[in-house]
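Residue numbers (my numbering): 50 to 314.
By construction, the Cβ of each residue, glycine as well, lies at the ideal position given by its N, Cα and C atoms.
Since the structure comes first, as structure tokens, the remarks are kept for the end.
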Amino acid sequence: MPAAATGRHALHCADCLDLLPTLPEASVDVIVTSPPYNLGIGYSSYDDRKSEADYLDWMARVAAALRRVLRPDGSFFLNVSGSSSQPWLPFELIVRLRPLFALQNHIVWVKSIATADDAVGHFKPVPGERFLHRNHEHLFHLTQHGDVRLDRLAVGVPFKDKSNIARRGHTRDLRCRGDTWFVPYPTVRSRTQKFSHPGTFPIDLPRWCIRLHGKIAPVVLDPFAGTGTTLLAAGLEGGRGIGIEIDPDYVATARQRLAETTEAA
Ligand SMILES: C[S@@+](CC[C@H](N)C(=O)[O-])C[C@H]1O[C@@H](n2cnc3c(N)ncnc32)[C@H](O)[C@@H]1O
Numbered sequence: 050m051p052a053a054a055t056g057r058h059a060l061h062c063a064d065c066l067d068l069l070p071t072l073p074e075a076s077v078d079v080i081v082t083s084p085p086y087n088l089g090i091g092y093s094s095y096d097d098r099k100s101e102a103d104y105l106d107w108m109a110r111v112a113a114a115l116r117r118v119l120r121p122d123g124s125f126f127l128n129v130s131g132s133s134s135q136p137w138l139p140f141e142l143i144v145r146l147r148p149l150f151a152l153q154n155h156i157v158w159v160k161s162i163a164t165a166d167d168a169v170g171h172f173k174p175v176p177g178e179r180f181l182h183r184n185h186e187h188l189f190h191l192t193q194h195g196d197v198r199l200d201r202l203a204v205g206v207p208f209k210d211k212s213n214i215a216r217r218g219h220t221r222d223l224r225c226r227g228d229t230w231f232v233p234y235p236t237v238r239s240r241t242q243k244f245s246h247p248g249t250f251p252i253d254l255p256r257w258c259i260r261l262h263g264k265i266a267p268v269v270l271d272p273f274a275g276t277g278t279t280l281l282a283a284g285l286e287g288g289r290g291i292g293i294e295i296d297p298d299y300v301a302t303a304r305q306r307l308a309e310t311t312e313a314a
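In structure tokens:
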């Protein structure tokens, strides 16, 4: 199926394993993606219940196809999570990808945080009394050789104590955010406000990844594009997005979101 007309972005309704080999080698600056986690999530058409061995084999094949299209100085941000019944899976996966990529950073995406007597953000409650609620997911930053220069201050935060700016020899009121990123979901009251998709990420997550990579007008790929969040983020960060999504309903949602953003611009 040809790519949908989505302004400067390309959105393909296809299996990424079929589509990725058609993209030119070393043509992508940043990959930001959240694949199916193999946790039995109720997607519209994709069956999220492979055997663990099949899932890891499949993801290794996808990762090899992604390595081919990634530029040597590119960044691949892989968002995955485990569950109470599958706690090892994200770690099994990242070890499996070790022959293909260097693990340059491991960012923890914090969805909800509790301070002394306050809590901010949302999470899916875990039933029973054995497990804590899962308030975080993994965001693995993979590169070809572990030596990609980043623009850390592009996602920096102001110093709390301004005297640290001069005292520590900084030139700007910005310090590195570190590797725990608090990115809460916006509050919603129905599934339709989440685009009727069971596993979207908030748009700030791909935006921060693209900014951190630090290239002007980057080519940004999401091989599991879902509702197009990464493509929207690419547009907002001045880049060009390439999305691949197997489910035609999600492709239609992504196309609509992109059209609404273009109209609003
Ligand atoms: C976790 S969701 C991604 C959601 C996305 N980050 C968003 O914010 O909308 C994973 C997506 O991968 C899609 N998918 C599953 N297998 C695929 C394949 N072989 N090729 C392309 N997309 C696939 C699923 O339909 C699902 O929409």
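Here the stretch 194 to 206 makes no contact with the stretch 158 to 167; the two share fewer than three CB pairs at distances below 8 Å. The Cβ atoms of L270 and V77 sit closer than 9 Å to each other. Going by beta carbons, F231 and G170 fall inside the 9 Å limit. Between V81 and V268, the CB-CB gap reaches or exceeds 9 Å.
Note on the stretch 176 to 230: whole beta strand (DSSP E) runs with a minimum of 3 residues are 185 to 192, in chain order. Annotated as proximal: V111 and L66, with beta-carbon spacing under 9 Å. Cβ-Cβ separation between R306 and T276: approximately 6 Å, consistent with a contact (criterion under 8 Å). Assignment of beta-bridge partners to F126 by DSSP yields V81, H190.
When rounded, the separation of the alpha-carbon atoms in C62 and L68 is 9 Å.
The secondary-structure analysis by DSSP pairs C62 across a beta bridge with E294. The criterion of a C-beta distance shorter than 9 Å is satisfied by L202 and R224.
P247 is positioned such that its CB atom lies no closer than 9 Å to that of S161. Here W137 is exposed, its C-beta having fewer than 16 other C-beta atoms within 10 Å.
For the set H262, G292, H58, P255, the Cα lying nearest the Cα of P272 is the one of G292. Around the Cβ of L142, a 10 Å sphere holds 16 or more other Cβ atoms; the residue is buried. Classified as exposed, I265 has fewer than 16 neighbouring CB atoms from the shown chains inside 10 Å of its CB. In the structure shown, the three-state DSSP call for W158 is strand.
With fewer than 16 other beta carbons inside 10 angstroms of its own, L181 counts as exposed. Between T55 and A303, the C-beta spacing is below 9 Å.
DSSP, reduced to helix, strand and coil, places L88 outside both helices and strands of the structure shown, so it counts as coil.
P176 has its Cβ no nearer than 8 Å to any heavy atom of ligand 1. The beta carbons of N154 and H190 sit about 4 Å from each other, so the pair counts as a contact at 8 Å.
Rounded to whole angstroms, G287 and R120 show a C-alpha spacing of 18 Å. Remark: C-beta atoms of L149 and A113 approach each other more closely than 9 Å. Using a Cβ distance threshold of 9 Å, L127 and P84 count as a contacting pair.
Burial state of T192 is buried, judged by a 10 Å Cβ sphere holding 16 or more other Cβ atoms. In this structure, DSSP gives L119 an extended state, which the three-state scheme calls strand.
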